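In mature numbering (1 follows the signal peptide of the UniProt record, and there is no 0), the protein residues as written are -20 to -1, 1 to 74.
All C-beta atoms in this analysis are idealised placements derived from N, C-alpha and C, irrespective of residue type, glycine included.
Keep in mind that this is a model prediction, so the values were computed, not measured.
Report on the following structure.
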Amino acid sequence: MKPTALLLGIAALFTSAVVADKTCTPSFDYCANELMEKKGFSEDDIKTSLKGSEYENEDFQNILLHCMNPGMVGHAKLCASGCQAAAQEGSRKC
């Protein structure tokens, strides 16, 4: 086996493992900070989802994001009083 093929195979496994770590339930809303703390999203993931929106410079504590597919969020909302995390799994609110 060529070293290049081996490296590409390892890279593919690593990439799929990283993507699989991001989890959210489609149709649920999540606080941005909760996505980073509990759902495997990075700060860069959140920044990317906010890029080009009116909320890209807002504090993550005030952002509510909608889960469109597992590992994919968007449709940001601004929570003036901060995002309210829930004690159990389910949609969050402002």
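Element boundaries [beta strand (DSSP E), containing residue i]
i   : result
D9  : 9 to 11
K57 : 52 to 58
Close beta carbons around residue i, own chain, < 6 Å, minus the five adjacent residues each side
i   : result
D9  : L44, H46, S71, R72
H55 : H46
F21 : K2, L15
Three-state class that DSSP yields for residue i in the structure shown
i          : result
S(-5)      : Because S(-5) carries a pLDDT of 40, less than 50, the predicted location of this residue cannot be relied on, and the following value inherits that uncertainty. Of the three classes helix, strand and coil, the one that applies to S(-5) here is helix, per DSSP.
residue 80 : One cannot answer for residue 80 here, as it falls past the ends of the chain, which runs -20 to 74.
G70        : coil
Alpha-carbon spacing of residue i relative to residue j, whole angstroms
i   : j   : result
S33 : E69 : 27 Å
D1  : M48 : 16 Å
N42 : L15 : 13 Å
K27 : E36 : 7 Å
Boundaries (first-last residue) of the alpha helix (DSSP H) holding residue i
i   : result
K31 : It is not in any alpha helix (DSSP H) - K31 carries neither H nor E in the DSSP assignment.
Sequence-distant residues of its chain with Cβ nearer than 8 Å to residue i (five each side left out)
i   : result
S29 : L45, V53, G54, A56
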